[in-house]
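All residue numbers for the sequence shown refer to the working numbering, where the first residue is 6 and numbers rise by one. Glycine included, each C-beta is placed from N, C-alpha and C at the ideal position.
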Amino acid sequence: MLKIESKPKESKSSQYTSSVLFIRKDIYFAIQIESFSNDKLIRKIRYGDIQKVDEIWTARTIEVYDETRKSRTVLKLDTVKYNVPMKDENFTPEALRRG
């Protein structure tokens, strides 16, 4: 596993002072991101159930832990499709409001 630390440019504003990414070397995929503010863990995102979909490594489960709120959100993707043809009218403000 590869561990990468990132920090925002001093000239840029960010809610985090640093982030640490944990990368699986065999597939070059981020499996966890930890975000910090002044060395205090604020948010952790874990990517799980990683599968190849249309030749693209994809996390089918995403868990977000908010340390300040002591909350957790889990997103599970049942169906994933890439490169699906879309029509321009799907992206009008009206269409986006409808969902």
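Beta-carbon proximity check, ALA64 vs GLY53, cutoff 8 Å: yes
DSSP-derived helix/strand/coil call for LEU101: Helix.
Contact under 8 Å by Cβ, ARG48 with SER40: yes
Separation of SER23 from SER11, as counted between CA atoms: Rounded to whole angstroms, SER11 to SER23 spans 6 Å at the Cα level.
Runs of beta strand (DSSP E) lying entirely within the region 56–98, each at least 3 residues, in chain order: 61–71, 76–81
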